[in-house]
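Enquirer: Sending over a structure as structure tokens; questions will come in a sec.
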Amino acid sequence: MNQRTPDLEHVDVTYVANLARIELSAEETEKFQAELDTVVAYIHQLNELELEGVEPMSHPHPRENVLREDSPVAGPDAELLLKNAPACVQDLIRVPQMMEDS
Amino acid sequence: MEPNGGCKSLLAQKSIRELQDLMEKGECSSRELVEAVSAQIEAVDGGINAYVDVNKEAALLEADAADARRAKGEKGLLLGIPVAIKDLLNVKGQSCRCASRILEGYTAPYDATAVAKLREAGAIPFGRVNMDEFAMGASTEHSAFGVTRNPWSPDHVSGGSSGGSAAAVAANEAIVSLGSDTGGSVRQPASFCGCVGLKPSYGRVSRYGLTAFASSLDQVGVLSKTVADAADTLSVVAGHDPRDTTSDPAPVPDYASALGEDLTGMKIGIAEEFFGEGVDPEVAASVRTAIDLCISLGAEPVPVSFPHLKYAVSIYYILAPAEASVNLSRFDGIRYGNRVEAEDPVSLMCKTRDAHFGDEVKRRILLGTYVLSSGYYDAYYVKALKARALLKQDFDKIFEQCDALMSPVAPTTAFKIGEGAKDPLALYLGDILTIPSNLSGGCGLSVPCGFSEAGLPIGLQILGPAFAEEQILRAGYAYEQARGPDLFRRWEVEDGR
Numbered sequence: 138m139n140q141r142t143p144d145l146e147h148v149d150v151t152y153v154a155n156l157a158r159i160e161l162s163a164e165e166t167e168k169f170q171a172e173l174d175t176v177v178a179y180i181h182q183l184n185e186l187e188l189e190g191v192e193p194m195s196h197p198h199p200r201e202n203v204l205r206e207d208s209p210v211a212g213p214d215a216e217l218l219l220k221n222a223p224a225c226v227q228d229l230i231r232v233p234q235m236m237e238d239s
Numbered sequence: 030m031e032p033n034g035g036c037k038s039l040l041a042q043k044s045i046r047e048l049q050d051l052m053e054k055g056e057c058s059s060r061e062l063v064e065a066v067s068a069q070i071e072a073v074d075g076g077i078n079a080y081v082d083v084n085k086e087a088a089l090l091e092a093d094a095a096d097a098r099r100a101k102g103e104k105g106l107l108l109g110i111p112v113a114i115k116d117l118l119n120v121k122g123q124s125c126r127c128a129s130r131i132l133e134g135y136t137a138p139y140d141a142t143a144v145a146k147l148r149e150a151g152a153i154p155f156g157r158v159n160m161d162e163f164a165m166g167a168s169t170e171h172s173a174f175g176v177t178r179n180p181w182s183p184d185h186v187s188g189g190s191s192g193g194s195a196a197a198v199a200a201n202e203a204i205v206s207l208g209s210d211t212g213g214s215v216r217q218p219a220s221f222c223g224c225v226g227l228k229p230s231y232g233r234v235s236r237y238g239l240t241a242f243a244s245s246l247d248q249v250g251v252l253s254k255t256v257a258d259a260a261d262t263l264s265v266v267a268g269h270d271p272r273d274t275t276s277d278p279a280p281v282p283d284y285a286s287a288l289g290e291d292l293t294g295m296k297i298g299i300a301e302e303f304f305g306e307g308v309d310p311e312v313a314a315s316v317r318t319a320i321d322l323c324i325s326l327g328a329e330p331v332p333v334s335f336p337h338l339k340y341a342v343s344i345y346y347i348l349a350p351a352e353a354s355v356n357l358s359r360f361d362g363i364r365y366g367n368r369v370e371a372e373d374p375v376s377l378m379c380k381t382r383d384a385h386f387g388d389e390v391k392r393r394i395l396l397g398t399y400v401l402s403s404g405y406y407d408a409y410y411v412k413a414l415k416a417r418a419l420l421k422q423d424f425d426k427i428f429e430q431c432d433a434l435m436s437p438v439a440p441t442t443a444f445k446i447g448e449g450a451k452d453p454l455a456l457y458l459g460d461i462l463t464i465p466s467n468l469s470g471g472c473g474l475s476v477p478c479g480f481s482e483a484g485l486p487i488g489l490q491i492l493g494p495a496f497a498e499e500q501i502l503r504a505g506y507a508y509e510q511a512r513g514p515d516l517f518r519r520w521e522v523e524d525g526r
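Line by line, the protein sequences are chains H and G.
Here the first sequence is numbered in the working numbering, starting from 138 and rising by one per residue.
Here the second sequence is numbered in the working numbering, starting from 30 and rising by one per residue.
Encoded structure:
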């Protein structure tokens, strides 16, 4: 994909909705456009901050390499999991055809 | 509606501690308690809409099991107590829809760890309570099941996202409830409905089985009638869980032992930023009166400052949607819930997610996807992570000077139903006083501290650093004991009219 030029004022709702796998109607696109632009304009206040050299904080209490004993445990009941699927064929979840017929 | 004078309704009005006392003396059973809670749900929930699902028969069987355990001499903090569960915690065999159409028909295949701990203790997960869809919202208006009304004024919201939990506890439709708090979702509805809300420190309670919204912010919390009940419930659900790598290995203290001391020597921080622009003068006055009472109980006031508070909403509304956009990618119409069939898998996902996510969830997913997308990641996401570090430093400095910080929970009392939907950003700004505790990983408590002129509850927020639950519970308990009947009373059916 070509590198897109960032537009920090307007959210490209159609592009973002496609990335998020949500098919929006034209009406929804228009509504979210206005709302998201307002939120994005607000969050630009972070540009006031001097953040040079600040270590990003992605987690409240970072912990690394949390390990446990590598021992077998019972997994979830496959039958219960399959019951929650919208469509099944035998023990498999049914989805539309992925690849075209050759 | 039934009058609230009957014996069974009075049982439902009591706290966990009062009920344990009665059950210990043989004056009531867990079965009677489940019956009393059911009767109250039947009597008042038509007007409140706190519950989305109730299975009384299953709960009665578990109540009988709890009564049998007691008959054999067992005791326990929550033995025989029914607990209302927010609709995003998995309880094996019960629905778990996160108040979303996308999870219609979903049955939880396992227990969340917090729920498993309740069961071990002999508590009964009874009923699923309403929330904003996937915990995104501050009013419980964004629910596929419709709004949960405020028990004190039915044309006002219950708050959110744990609005069903708060309304159920306040209206005596539940003894206690488990909710979740990502940006204030336990404390704010507790404040709006006049009950106690405890958000434990990040890592204190396992998130296994809690449907993920924002994984670095989410925490299971407690909504209860009293501070002691919150302490007892936390003692049961807290602790390390090998299934959640972010759960903390520190041993769980006996939280109840922290209660009962006066506040001599306790340093209470007061940051004027928390009483700034946008905070309703009535709310500010009520909270200042509460702080004065704590000072009269021996606490020492310490003026502190929180210079980065004004950035909290911006940081949160970048990071929480970013994490949500990733977490909610699992709801694709393939493995669970509702599906809109289509010719190819991608169209199936796109159509399913458009048809079955509500507007607020779509808004957050779009925003989160935007801030994480190529070309924007550094401009928004990384910037917000750095600003989060500055906000955490503010907290660190504050807690070098004091044991707990006191402030309002929310800038206002409960707002009218429909008011928040007009302007999403205005609603987001209402989270400013609760968000910092989630961003920093600390703990927070909301305790009722009065009513507005209009008769709506106001909450005192007590914030502590990570794993200082004993300090905030101690302060909240001392305040609650000294508060007096003018500032709080338990709800009666007449209050909902």
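For every residue, glycine included, the Cβ atom is placed at its ideal position computed from N, Cα and C.
(1) Here's a check: name, in chain order, each residue in its chain whose Cβ is nearer than 7 Å to the Cβ of G76 of chain G, leaving out the five neighbours to either side.
(2) Let me know the secondary structure DSSP gives C472 of chain G once reduced to three states.
(3) What is the DSSP secondary structure of V205 of chain G, reduced to helix, strand or coil?
(4) For the alpha helix (DSSP H) containing V225 of chain G, name the first residue and the last one.
(5) Would T275 of chain G and G232 of chain G qualify as a contact pair, given that the criterion is a beta-carbon distance under 8 Å?
(6) Between H:N221, H:E237, H:D228 and H:H198, which lies nearest to A279 of chain G when the distance is taken from Cα to Cα?
(7) Just grab the DSSP bridge partners of I230 of chain H for me.
(8) When the cut-off is 8 Å and only beta carbons count, does Q182 of chain H lie next to chain G?
(9) Taking only beta-carbon positions, decide if E160 of chain H is within less than 8 Å of chain G.
(10) Taking Cβ-Cβ distances shorter than 8 Å, what residues in chain G pair up with L173 of chain H?
(11) Using the Cβ count rule (16 or more neighbours within 10 Å means buried), how would you classify P486 of chain G?
(12) Using DSSP with H/G/I as helix, E/B as strand and the rest coil, what is R519 of chain G?
(13) Is it buried or exposed, G404 of chain G, if we count other Cβ atoms within 10 angstroms and call 16 or more buried?
(14) To the nearest angstrom, how far is it from the Cα of V375 of chain G to the Cα of R158 of chain H?
(15) Can you pull the chain H residues whose beta carbon is under 7 Å from the beta carbon of D383 of chain G, in chain order?
(16) Any idea if S162 of chain H is buried or exposed, counting beta-carbon neighbours within 10 angstroms, 16 or more meaning buried?
(17) Tell me the start and end of each unbroken alpha helix (DSSP H) in the stretch 354–407 of chain G that is at least 4 residues and wholly inside, in chain order.
(18) Answer yes or no: does any C-beta atom of chain H fall closer than 8 Å to that of A328 of chain G?
(19) How far does the beta strand (DSSP E) with K168 of chain H in it extend, from its first residue to its last?
(20) Please compile the residues from chain G whose C-beta is within a distance smaller than 7 Å of the C-beta of E192 of chain H.
(21) According to DSSP, simplified to helix, strand and coil, what is P143 of chain H?
(22) Can you tell which of G:K380, G:G366 and G:P271 has the C-alpha that lies nearest to the C-alpha of V210 of chain H?
(23) Pull up the distance between the alpha-carbon of A328 of chain G and that of I461 of chain G, whole angstroms please.
(24) Can you check the stretch 138–182 of chain G for any alpha helix (DSSP H) of at least 4 residues that lies completely inside it and give the ranges in chain order?
(25) How many Å lie between I45 of chain G and I110 of chain G at the Cα?
(26) With burial defined as no fewer than 16 other Cβ atoms inside 10 Å of the residue's Cβ, what is the status of Q500 of chain G: buried or exposed?
(27) Hey, V158 of chain G and A259 of chain G are a contact pair by Cβ (cut 8 Å); roughly how many whole angstroms apart?
Expert: Concretely, from the data shown:
(1) Closer than 7 Å at Cβ, skipping near neighbours: R178, P183 and G525.
(2) strand
(3) strand
(4) Segment V225 to K228 is the beta strand (DSSP E) holding V225 of chain G; no alpha helix (DSSP H) there.
(5) yes
(6) H:H198
(7) H:C225
(8) Yes, Q182 of chain H lies at the interface with chain G (some Cβ there is under 8 Å from its Cβ).
(9) With a threshold of 8 Å between beta carbons, E160 of chain H makes contact with chain G.
(10) R392, L395, L396 and Y399
(11) buried
(12) coil
(13) exposed
(14) 7 Å
(15) I159, E160 and L161
(16) exposed
(17) Correct list: 374–385 and 388–401.
(18) With its beta carbon at least 8 Å from every one in chain H, A328 of chain G lies outside the interface.
(19) No beta strand (DSSP E) holds K168 of chain H; the alpha helix (DSSP H) holding it covers A163 to I180.
(20) A418
(21) In the structure shown, P143 of chain H sits in coil (DSSP, three-state: anything other than H, G, I, E or B).
(22) G:P271
(23) If you take the alpha carbons of A328 of chain G and I461 of chain G, they lie about 26 Å apart.
(24) 142–149, all fully within the stretch 138–182 of chain G.
(25) 7 Å
(26) Counting C-beta atoms within 10 angstroms of its own C-beta, Q500 of chain G has 16 or more neighbours from the protein chains shown and is therefore classed as buried.
(27) About 17 Å separates the beta carbons of V158 of chain G and A259 of chain G, which is beyond the 8 Å limit, so they are not a contact pair.
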